[in-house]
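Chain order of the listed sequences is A and B. Okay, so the first sequence: first residue is 2 according to the working numbering, each after it adds one. Okay, so the second sequence: first residue is 92 according to the working numbering, each after it adds one. Every residue, glycine too, gets a C-beta built ideally from N, C-alpha and C. Shown next, in structure tokens, is the structure this report addresses.
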Amino acid sequence: MTIRISSLFNALLVTTSCILGGEIATAHATSTPNQEIPSSLIEQGHYQAVLGDCMACHSAPGRPTYSGGFPFPLPIGTIYSTNITPDPEHGIGTYSEADFARAVRQGIRKDGSTLYPAMPFPSYARLSDADIHALYVYFHNGVKPQAIAPPENKIMWPLSMRWPLIIWRWLFAPNVQKAQQRTAAEFSDPVLARGAYLVEGAGHCGACHTPRGITMAEKAQTAQDGNAFLAGGSVVEGWFIPSLRQENRTGLGRWSEQDIVDFLKTGRAPTGASFGGMTPVVEHSTHGYSDSDLHAIARFLHQLTPADPHEQPWQYSPQTASALQHADLSARGAQVYIDRCAACHRTDGHGYGTVFPPLAGNPVVMTADPSSVVHIVQSGATIQPLPTSVSAFTMPSFGKTLSDREIADVVSFIRQAWGNQAAPVSEQKVKQLRETMPESTPPSKLPKN
Amino acid sequence: MTQERDDLMGRHTHRVLTDILSPRPSRRGFLQKAAALSTTILWPSSRGEAQAHTEAPYTPVFFTRDEYRLLEQACECLLPEDENGPGAQTLRVVPFIDHQMQTPYGHGARWYMHPPFQSGPPELGYQLPYSPRELYRTALHFLEHYCQKTYQKTFISLSRAQQEDILTLLEHNTLTLGDIPGVVFFEQLRSNTLEGAFSDPLYGGNHRMQGWIMLGFPGARADFMDWINQHGKAYPFGPVSIPIPHTERG
């Protein structure tokens, strides 16, 4: 969630050289008088905030919730997310509901300047008036005001000018009414319609999972816009973004509805576990979705046709397991696999259910770009504990204990074993990826069971 | 295994070591086969061989040079290189003990070390006022003193047989080192030697897992599910250790 945004910024800077300033919105309007607010409405608004994952960007470690200050380091300086608590000076306390709706759905601040499209307003455009109302009520009545300013943005003029963003917004942000009608008219089945509303709207899944054009606008905003929608394919902060469509090998083609629901609710499914930028999304946002919403999302994703219809269906091959179980380690990387991986992921590549994810048939292992799987080996990964699944499971990092050659060997091994049949990885590629290796969490920082 | 060595290592060790070290052709043969099975059976790949020659000799931190040389020979008496495999020196047992002496264990940091210090029955355990560091320092001092008095030579200039005689005296508690009963020091040295030979290479001993290879121990592998139902089959894989930076594998 948060990692994507700095990369998005970087790319935008290069392509359009338009930079946002970072002055904090100081508003002058008068605040609305406080009325009696039903707690159910606040609760609804809180749920909307969970759906939209507002927390991911508008909260930062060591600062009060929703007070902003999350840093986005860019080549030309660092900018910080804004305070969206109801504080009148530092937050959005003076925003009327119309101001608020305009900011969330159209990316226009109260003072008329344009928000940087790190704020996923092209997705939020389709939020219904009722949901916006609940969200507004929650941010004004359910969130504690924090009279604290995010750190000053450190960007120099002329790069701090915001006006070029207006052009971007004109070109790419959808018209709110049209967006709402479009998503609402997509399906007659209420469950699918709800799924579309969540995925295309508040969930803003496309912000990461839909590839972007050279203008940095998402190539498709909805399922109706074509096969690019949620087709994945880019590498963000070292993690390859997988497709959420129905490709058999590299998409969700073999994930059941329940697998998708479990993954979003607990960060783990028998078919795979979350890692990289998806982990905080599950942690802040999707684990709090209601079961019926999760099922709606899964059903919606299930009807997205494969972007690549020619993928050979994956079929398990027992050959690898049989070789390893007869002590045949002649395959490239087999020795490292048996020494360092097989205890958890097993010689048959099936892993252990939701505890140690499978490598056999795992879409992430088979994508054309091997960045994710190389980075997991280099940096390790932790399946985070959540209220919905309290156990944390950690894979150690091998970035220092295995050489580039050994990592290339073992990643090539798992990409080819068990019927995976993906292309091998060169030592050169591993070496190159070492430079962008995500930070690994030191064991002392890991949650304790 | 020689009779002398059995005596030196004590009855308990005798039992354990006969079990694990006695020349059983099947095990040795098996190990050779396993090695042939894979050229990279050991983590330290073949380049480790070349590195071993260029590696600087270990510089002791706690022990003095003289103490270090004495220990090298004493430990080699306890665990000599023979047809079963490498000895204490090849396994880098003394560097391991030198590391140990720098840990809280070496300082006796978690022991109750307040007077009065009174000898008691064996079931009350260790009663001396010495931490392992102090025990080594004091005992080695008196050991050298004994060699000078008896042979007019340092321990390391004695013949192997003479060295083994001295260690046997210690083992039988017929030699006292200052106020340290010989057997107390002997047991300390024997325990630390075995620890240095067979603990994970991460801690400085068991060099290149040769101690484990000697035993046929597969190391920290954790999972043997594939082999549970392959009755009568020898486990084919060599050992693995706790990973260390690949640049430091020696």
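Among residues of its own chain, excluding the 5 on either side of residue i, which ones have a beta-carbon nearer than 6 Å to its beta-carbon?
| i | result |
| --- | --- |
| Val-426 of chain A | Pro-371, Ala-409, Val-412, Ser-413 |
| Tyr-198 of chain A | Thr-184 |
| Phe-101 of chain A | Tyr-137 |
| Val-177 of chain A | Arg-106, Ala-126 |
| Thr-79 of chain A | Pro-72, Lys-155 |
| Gly-362 of chain A | Trp-315 |
| Gln-49 of chain A | Asp-132, Ala-135, Leu-136 |
| Pro-34 of chain A | Here Pro-34 of chain A scores only 49 on pLDDT, less than 50, and its place in the model is too uncertain to base an answer on. |
Since residue i is in the beta strand (DSSP E), which residue starts that stretch and which ends it?
| i | result |
| --- | --- |
| Phe-394 of chain A | 394-396 |
| Gly-207 of chain A | No beta strand (DSSP E) contains Gly-207 of chain A, which is instead part of the alpha helix (DSSP H) from 207-210. |
| Thr-383 of chain A | 382-384 |
| Thr-355 of chain A | Run containing Thr-355 of chain A: none; DSSP gives neither H nor E here. |
| Ile-80 of chain A | 78-81 |
Helix, strand or coil for residue i per DSSP?
| i | result |
| --- | --- |
| Leu-265 of chain A | helix |
| Tyr-237 of chain B | helix |
| Asp-270 of chain B | coil |
| Pro-364 of chain A | helix |
| Ile-109 of chain A | strand |
| Pro-452 of chain A | The structure shown has nothing for residue 452 of chain A, since chain A only spans 2 to 450. |
| Arg-341 of chain A | helix |
| Gly-199 of chain B | coil |
| Arg-435 of chain A | helix |
| Trp-240 of chain A | strand |
| Gly-143 of chain A | helix |
| Val-275 of chain B | helix |
| Asp-294 of chain A | helix |
| Val-426 of chain A | coil |
| Ser-41 of chain A | helix |
| Gly-310 of chain B | strand |
| Gly-46 of chain A | helix |
| Asp-173 of chain B | strand |
Rounded to the nearest angstrom, what separates residue i and residue j at their Cα positions?
| i | j | result |
| --- | --- | --- |
| Gln-239 of chain B | Pro-223 of chain B | 24 Å |
| Thr-241 of chain B | Val-275 of chain B | 21 Å |
| Lys-430 of chain A | Pro-292 of chain B | 31 Å |
| Gly-70 of chain A | Ala-61 of chain A | 6 Å |
| Gln-433 of chain A | Arg-269 of chain A | 29 Å |
| Ser-124 of chain A | Trp-419 of chain A | 39 Å |
| Glu-339 of chain B | Lys-401 of chain A | 10 Å |
| Ser-282 of chain B | Val-237 of chain A | 53 Å |
| Pro-146 of chain A | Asn-84 of chain A | 9 Å |
| Leu-215 of chain B | Pro-309 of chain B | 36 Å |
| Ser-373 of chain A | Pro-212 of chain A | 17 Å |
| Gln-222 of chain A | Ile-319 of chain B | 53 Å |
| Ala-332 of chain A | Gly-234 of chain A | 29 Å |
| Pro-195 of chain B | His-141 of chain A | 56 Å |
| Gly-277 of chain A | Pro-87 of chain A | 32 Å |
| Phe-187 of chain B | Pro-336 of chain B | 18 Å |
| His-47 of chain A | Leu-305 of chain A | 29 Å |
Do residue i and residue j have their C-beta atoms within less than 8 Å of each other?
| i | j | result |
| --- | --- | --- |
| Ile-257 of chain B | Ala-230 of chain B | no |
| Ser-380 of chain A | Ser-398 of chain A | yes |
| Leu-253 of chain A | Leu-302 of chain A | yes |
| Ser-290 of chain B | Ala-311 of chain B | no |
| Tyr-117 of chain A | Leu-166 of chain A | yes |
| Met-367 of chain A | Ala-382 of chain A | no |
| Glu-187 of chain A | Ala-194 of chain A | yes |
Output needed for residue i: all residues of its chain with C-beta closer than 8 Å, excluding positions within five of it in sequence on either side, in chain order.
| i | result |
| --- | --- |
| Asn-249 of chain A | Arg-255, Pro-307, Glu-312, Gln-313, Pro-314, Trp-315 |
| Gly-197 of chain B | Phe-153, Gln-191, Ser-222, Pro-223, Arg-224 |
| Tyr-353 of chain A | Cys-345, Arg-347 |
| Gln-180 of chain B | Glu-163, Cys-166, Glu-167, Glu-172 |
Considering just the uninterrupted stretch of the alpha helix (DSSP H) at residue i, what are its terminal residues?
| i | result |
| --- | --- |
| His-134 of chain A | 130-138 |
| Arg-195 of chain A | 191-198 |
| Asp-54 of chain A | Neither: Asp-54 of chain A is in no alpha helix (DSSP H) and is coded neither H nor E. |
| Thr-280 of chain A | 279-285 |
| Ala-165 of chain B | 156-169 |
| Arg-416 of chain A | 405-417 |
| Met-305 of chain B | 301-306 |
| Arg-251 of chain B | 251-262 |
| Lys-179 of chain A | 177-186 |
| Ala-308 of chain A | Element bounds for Ala-308 of chain A: n/a, residue is neither H nor E. |
| Ser-323 of chain A | 320-326 |
| Asp-189 of chain B | 184-191 |
| Ser-331 of chain A | Run containing Ser-331 of chain A: none; DSSP gives neither H nor E here. |
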